[in-house]
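Peer 1: The structure that follows is given in the form of structure tokens.
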Amino acid sequence: MKTLLRLVVMSVVVLSSAQALAQDTVRVTNLPDTAYVIYKDPALSLPFGIGLRIPSYDRVNGLTLPFGPHYEPDESLQVDGIVSYRSHLGALDLSIEGLFKPAENSEVKAFFGRGTFTNDGWIRSDLVNSVASFFVGSDARNYFRADRAEARYTQTLGVSGITLTPFIGARTERDWSTGSLDPRSSPWSVFGRTDSLKMRRPNPRVARGRISSGLAGTGLELARGNLEAAFDASVEHAFSSSLQPGCYAIPPDAACIQARPVADVAPEDRFTQATLGSTVSFPTFGNQTFAFKGHAVLTGNGIAPPQRYAYLGGAGTLATVDLLALGGDRLLFVQGDYTVPFERIKIKFLGSPYVVLRYAAGSAGVGKLPTLIQNLGVGAGASFFRIDYTIDPASNRSPFSRRSAFSIGVSLTL
Numbered sequence: 007m008k009t010l011l012r013l014v015v016m017s018v019v020v021l022s023s024a025q026a027l028a029q030d031t032v033r034v035t036n037l038p039d040t041a042y043v044i045y046k047d048p049a050l051s052l053p054f055g056i057g058l059r060i061p062s063y064d065r066v067n068g069l070t071l072p073f074g075p076h077y078e079p080d081e082s083l084q085v086d087g088i089v090s091y092r093s094h095l096g097a098l099d100l101s102i103e104g105l106f107k108p109a110e111n112s113e114v115k116a117f118f119g120r121g122t123f124t125n126d127g128w129i130r131s132d133l134v135n136s137v138a139s140f141f142v143g144s145d146a147r148n149y150f151r152a153d154r155a156e157a158r159y160t161q162t163l164g165v166s167g168i169t170l171t172p173f174i175g176a177r178t179e180r181d182w183s184t185g186s187l188d189p190r191s192s193p194w195s196v197f198g199r200t201d202s203l204k205m206r207r208p209n210p211r212v213a214r215g216r217i218s219s220g221l222a223g224t225g226l227e228l229a230r231g232n233l234e235a236a237f238d239a240s241v242e243h244a245f246s247s248s249l250q251p252g253c254y255a256i257p258p259d260a261a262c263i264q265a266r267p268v269a270d271v272a273p274e275d276r277f278t279q280a281t282l283g284s285t286v287s288f289p290t291f292g293n294q295t296f297a298f299k300g301h302a303v304l305t306g307n308g309i310a311p312p313q314r315y316a317y318l319g320g321a322g323t324l325a326t327v328d329l330l331a332l333g334g335d336r337l338l339f340v341q342g343d344y345t346v347p348f349e350r351i352k353i354k355f356l357g358s359p360y361v362v363l364r365y366a367a368g369s370a371g372v373g374k375l376p377t378l379i380q381n382l383g384v385g386a387g388a389s390f391f392r393i394d395y396t397i398d399p400a401s402n403r404s405p406f407s408r409r410s411a412f413s414i415g416v417s418l419t420l
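Quick note: the sequence shown uses the numbering used here, first residue 7, plus one each step.
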């Protein structure tokens, strides 16, 4: 009897404990989960802690050091207020850049402010041009200054490895020349600081005044297997302009000093200009590859002003031509590189060497496209170092082209 009583008491105790534990478990599981915390960046921030952006270096601006706050309340809106210090010009340029995404595959970009602009960014990336300018004085860009306001609407369309990005937009700007036709000083560089073809290379004049235009175009990217291709096309139609082709005064509000025209042919008040660019790369046999690069500028309805000229010349385009010695509102450039790597050879810190065979052809002019200048070259390199030897095979060479050229360069893909 006592044994039975003990079993009953123990059963009651066990059941009571189980019920209490179950109630505690329910209370615990109903509590909020505090094992993790959702962190959200503040809407207003300073990149790198002080608002610093990626700097650049060239022969006209010197060191360009942009800084300013970044505002991003959500994923659909970004606003950047930028102050750009340009050491050689002694200028502080103010600008506002905005990005608004009304839908997942569409965006509106806007820019308003003062800056230094170029049409030659396709030749080298910002990083490579800055490194080349600082170390060897080779700046493969020409520049002009402007107060500019621009807005673009872009739609992204993608299907089976193809991405299409058509856009429309508008731009208005007030332009003026910068730099000097006879530079007495230049930003510092390790080599080439006093060379008239390098850091003291003259910067072409532009026609001072205003241009208002409509913009349209598209980008296309293709990635299928080992084939990679990119194509971009843009059209600018200037529907209003008030330019002073003979005005050489550099400050935008200074009195106009009438001199000889900037170009031999006066620009039209209205013009239409198309810019095309493409890159294609694919493997051929084994690990050998072929890469194509092309760029073209076409102008209709007369002559475009000098601030819409594009330029050729130098190791990045035609090696036998002096750096950016060819220019105008008509331009054509094509280049093909065939690369053969030697993977069985390993160089310490550099990896496998390679040999490159290159063909390039191009020309540029005002109002018409002159005869193309052709280059044949062979190069060798390892990692990001490369040397090239190039010849112009023509028997009746252009006065702008030399018989041969030797160049040493780097390839930075960061």
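Ideal Cβ placement from N, Cα and C applies to all residues, glycine included.
On the CB-based measure, 16 or more other CB atoms within 10 Å of its CB, does E242 come out buried or exposed?
Peer 2: The residue in question, E242, is buried, as its Cβ has 16 or more Cβ neighbours within 10 Å.
Peer 1: For L27, count neighbouring C-beta atoms within 10 Å of its own C-beta (all shown protein chains included) and say buried if the count is 16 or more, exposed if not.
Peer 2: The predicted model places L27 with a pLDDT of 43, which falls under 50 and marks its position as unreliable; any figure quoted below should be read in that light. So L27 ends up on the exposed side.
Peer 1: Mind the definition here: the region 304 to 314 touches the region 230 to 237 only if three or more C-beta pairs lie below 8 angstroms; say whether that holds.
Peer 2: Not touching, per the Cβ criterion.
Peer 1: Distance, Cα to Cα, K46 vs G55?
Peer 2: Looking at the two C-alpha atoms, the distance is approximately 17 angstroms.
Peer 1: Kindly indicate which residue of L221, G104, F296 has the alpha-carbon position closest to the one of P79.
Peer 2: The residue with the shortest Cα to Cα distance from P79 is G104.
Peer 1: Might you give, ordered along the chain, the residues of its own chain that have their beta carbon closer than 8 angstroms to the beta carbon of L142, omitting 5 neighbours on each side?
Peer 2: Correcting the residue identity first, residue 142 is Val in this sequence and not Leu. Excluding sequence neighbours, V142 sits near S195, V196, F197, G198, K204.
Peer 1: Going by beta carbon distance, what residues of the same chain come within less than 6 angstroms of A116, once the five residues before and after it are set aside?
Peer 2: Cβ within range, chain order: G104, A157.
Peer 1: State the beta-bridge partners of Y311 as determined by DSSP.
Peer 2: The amino acid occupying residue 311 in the given sequence is Pro; Tyr does not appear at that position. According to DSSP, P311 bridges with nothing at all.
Peer 1: Between the region 174 to 189 and the region 273 to 291, do three or more beta carbon pairs fall short of 8 angstroms?
Peer 2: No: the two stretches stay apart, fewer than three of their Cβ pairs being nearer than 8 angstroms.
Peer 1: Please determine, among F391, A321, L378, F355, the residue with the shortest C-alpha to C-alpha distance to R336.
Peer 2: Nearest option by C-alpha distance: L378.
Peer 1: I need the DSSP call for L378, collapsed to helix, strand or coil.
Peer 2: Three-state DSSP puts L378 in coil, outside helix and strand.
Peer 1: State the start and end residues of the unbroken beta strand (DSSP E) segment that holds F73.
Peer 2: Counting along the chain, the beta strand (DSSP E) containing F73 begins and ends at 68 to 73.
Peer 1: Tell me whether the region 355 to 368 and the region 336 to 347 touch, counting them as touching only if at least three CB pairs, one residue from each stretch, are closer than 8 angstroms.
Peer 2: Touching, per the Cβ criterion.
Peer 1: So, with DSSP's three-state summary, where would you put V114?
Peer 2: Residue state, collapsed to three classes: strand.
Peer 1: Ignoring anything shorter than 4 residues, give me the alpha helix (DSSP H) runs that lie fully in the region 79 to 144, in order along the chain.
Peer 2: Qualifying alpha helix (DSSP H) stretches, in chain order: 132 to 142.
Peer 1: At a cut of 8 angstroms, does the region 87 to 103 reach the region 175 to 182 through at least three beta carbon pairs?
Peer 2: In short, these stretches do not touch, since the Cβ pair count stays below three.
Peer 1: Taking a contact to mean a Cβ-Cβ separation below 7 angstroms, would you say G300 touches V340 in this structure?
Peer 2: Result yes, Cβ atoms of G300 and V340 sit closer than 7 angstroms.
Peer 1: Relative to the alpha-carbon of F355, which residue among S407, A388, S219, L282 has its alpha-carbon at the smallest distance?
Peer 2: Selected option, being the one with the closest Cα: A388.
Peer 1: Leaving out five residues on either side along the sequence, give the residues of the same chain with a beta carbon under 8 angstroms from the beta carbon of T278.
Peer 2: Excluding sequence neighbours, T278 sits near V241, E242, H243, A244, T305, G306, N307.
Peer 1: Do G319 and L332 come within 7 angstroms of each other at the CB atom, strictly closer than that value?
Peer 2: A contact, by the Cβ cut-off of 7 angstroms.
Peer 1: If I measure Cβ to Cβ from T4 and keep anything under 6 angstroms in the same chain, skipping five residues before and after, which residues do I get?
Peer 2: Lying before the first or after the last residue shown, residue 4 is absent from the chain, which here runs from 7 to 420.
Peer 1: Give the secondary structure of P210 by DSSP, where H, G and I count as helix, E and B as strand, and everything else as coil.
Peer 2: In this structure, P210 counts as coil in the three-state DSSP scheme.
Peer 1: Let me know if P108 comes out buried or exposed under the rule of 16 or more other beta-carbons within 10 Å of its beta-carbon.
Peer 2: Burial call: exposed.
Peer 1: Is it buried or exposed for G384, if we count other Cβ within 10 angstroms and need 16 for buried?
Peer 2: Here residue 384 is Val; the residue named in the question, Gly, does not match the sequence. When all chains shown are included, V384 counts as exposed.
Peer 1: Which residues share a DSSP beta bridge with D188?
Peer 2: D188 pairs with nothing; no bridge assigned.
Peer 1: In whole angstroms, give me the CA-to-CA distance for Y149 and V66.
Peer 2: Cα to Cα, Y149 sits roughly 8 angstroms from V66.
Peer 1: Using alpha carbons as the reference points, say which of V85, E227, A138 lies closest to G68.
Peer 2: Cα-wise, what sits closest to G68 is A138.
Peer 1: Give the straight-line distance between the Cα atoms of S248 and A222, rounded to the nearest whole angstrom.
Peer 2: The straight-line gap from Cα to Cα measures roughly 22 angstroms.
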